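Structure first, commentary second.
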Amino acid sequence: MDFWPLVLLVLHWAVLVLAIFTAVFSVLMVLLLAYSDRCVRRLAEVPLPADSAQPLPRISLIAGAKDEERNIEEAVRSLVAIDYPNLQITLVNDRSRDQTGAILSRLAAEYPQLNVVHVTELPAGWLGKNHALQLGADHSDGQWLLFTDADIVFERTALRRAISYAVTNQVDHLAATPDVNMNSWLLQAFVVTFSIFFTIFVKPWLIRNPNSSAHVGIGAFNLIRASVYQQIGRHEPIRMRPDDDMKLGKIVKQSGHKQDLVHGMGMIAVEWYSSLNEIIVGLEKNAFSGVDYRIWHTVLSSLFLLTMHVWPFLAVWIVPGPARWFYVAAVVVQLFMVARFARTMSIPLSTAFGFPLTVAIFTYIQWRAMILTFVRGGIRWRDTHYSLAELRANRV
């Protein structure tokens with residue numbers, strides 16, 4: 064057989080096999096996401112704790128704030144409105160150069176449940192946020208600690224439901240996914256895509272399994288027993304991790320404690336980013352750390368995502384023969400998958416059509432974060448530079 068006909072034959076079969084694999088993989092993703100959804104309880108469906116002589120355990124809500132003078136007062140007034148009788152709110156003013164500290168001190172005089180801690184210097188070997196959260200925990204007295212962000216909005220009964228679920232199910236660490244409010248169609252489409260990949264990465268169906276390494280942590284809502292937090296060494300083992308929320312979940316799971324995840328839709332909300340550029344810049348500190356600064360992981364995962372979720376949408380117009388129909392099937396299945404996921408997040412179904420574009424944006428973020436980390440010799444976060452050597456040394 065001549066050389067070029069053989070090459071064309073091999074290429075034909077390679078394209079067909081890839082098309083079949085893509086279609087099968089797409090179906091498996093749909094099934095996994097559906098199974099995951101069934102495995103995760105919705106916080107809104109958790110019954111409120113029954114009235115009894117037994118008081119609710121004390122919760123210390125802990126968040127850091129740095130140069131937040133425009134929004135901090137509104138955030139505090141939202142937090143003190145939470146319907147939980149035994150709540151301490153510890154806010155850490157983390158080296159703010161504006162009026163954040165003064166505003167918090169004024170509000171602390173108004174609200175007795177508000178506990179304010181001021182940080183003036185960052186110790187060597189610490190990320191600012193991680194240091195602030197540990198310091199906040201050290202100045203709190205709750206039986207449970209809720210690590211969150213100051214701009215998270217809680218439905219009034221969210222903490223009652225969360226503590227009811229955690230206590231009833233004897234959970235040591237409970238994470239909750241928030242509603243993510245975005246102000247444009249493209250940003251909503253990106254949130255759906257990000258959430259799908261996060262679900263596949265985290266594997267919620269395995270989190271409760273003590274024999275599985277699957278773990279979870281969410282910056283918007285990490286509720287942990289104070290005794291367990293002390294046992295795992297507080298934030299000390301993850302002091303240089305930009306992905307501290309996930310790594311907190313990892314060390315909890317590695318220590319043999321019980322972990323769980325709930326969906327917080329309708330109970331917990333955050334406005335993540337207000338523009339695509341904010342997303343790209345905001346994720347540059349996390350995207351590379353999430354794969355432990357491994358170049359090969361970023362390269363292979365991005366190529367896989369492009370092959371599975373962008374190429375099929377082009378292949379239906381380019382590839383001839385039977386392979387085209389497998390790609391058509393893959394595209395239809397993926398559009399269904401994204402639309403279904405969008406519906407569970409109360410996001411317009413039409414955002415499914417932005418899936419290939421947002422996957423491409425996601426891979427761009429991966430590569431940009433990796434390249435900038437090497438060019439800068441580390442990451443820059445809130446006006447502080449952290450060297451790559453320090454970041455890599457804190458492997459968990």
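For any residue, its number in the numbering used here is found by taking its place in the sequence shown, counting from 1, and adding 63. Backbone N, C-alpha and C define an ideal beta-carbon position, used for all residues, glycine too. Computed from a predicted structure; not experimentally measured.
Which residues share a DSSP beta bridge with residue i?
i: R288; result: W207
i: L177; result: I152
i: W444; result: T447
i: L237; result: L286, D323
i: R105; result: H326
i: I122; result: L150, W207
i: V182; result: D157
i: A277; result: DSSP lists no partner for A277.
i: A128; result: N156
i: V216; result: A332
Give the range of the beta strand (DSSP E) segment to which residue i is assigned.
i: V333; result: 331–334
i: V243; result: 242–244
Candidates the options: which alpha carbon is nearest residue i's?
i: R158; options: R219, I152, L167; result: L167
i: T85; options: T370, Y356, H202; result: T370
i: W248; options: T421, A187, N457; result: T421
i: G327; options: W374, G282, F260, L454; result: G282
i: I152; options: V103, R105, W207; result: W207
i: A386; options: I83, R160, E173, Y356; result: I83
i: Q176; options: G191, P148, R160, D201; result: P148
i: Q117; options: S227, C102, R406, F425; result: S227
i: R224; options: G329, P305, N274; result: G329
i: A187; options: V291, L454, R458; result: L454
i: I259; options: Q397, I122, E173; result: Q397
i: A213; options: A393, A415, L142, E108; result: L142
i: R302; options: L79, Y449, D65, D100; result: Y449
i: S365; options: S337, D242, T426; result: T426
Which residues mark the beginning and the end of the alpha helix (DSSP H) in which residue i is found?
i: D201; result: 191–201
i: D307; result: 307–317
i: E341; result: 339–345
i: E136; result: 135–143
i: A405; result: 385–407
i: F416; result: It is not in any alpha helix (DSSP H) - F416 carries neither H nor E in the DSSP assignment.
Using 8 Å for Cβ pairs, my map puts residue i next to residue j. What's the rounded Cβ distance?
i: G127; j: L196; result: 6 Å
i: L124; j: T211; result: 6 Å
i: L311; j: G280; result: 5 Å
i: W444; j: K348; result: 5 Å
i: I428; j: I343; result: 6 Å
i: V255; j: M408; result: 6 Å
Hey, is residue i close to the ligand FMN, as in C-beta under 6 Å from one of its heavy atoms?
i: H326; result: The ligand content of the structure shown is nil, which means the ligand FMN is not present either.
Is it true that the CB of residue j sits closer than 7 Å to the CB of residue i?
i: E131; j: T183; result: no
i: E334; j: N244; result: yes
i: K52; j: H278; result: The structure shown does not extend to residue 52, since the chain is modelled only from 64 through 459, so no value can be given for it.
i: V401; j: Y390; result: no
i: L286; j: L237; result: yes
i: L198; j: V179; result: no
i: A423; j: S89; result: no
i: D306; j: S352; result: yes
i: G205; j: I135; result: no
i: T220; j: D146; result: yes
i: A252; j: T414; result: yes
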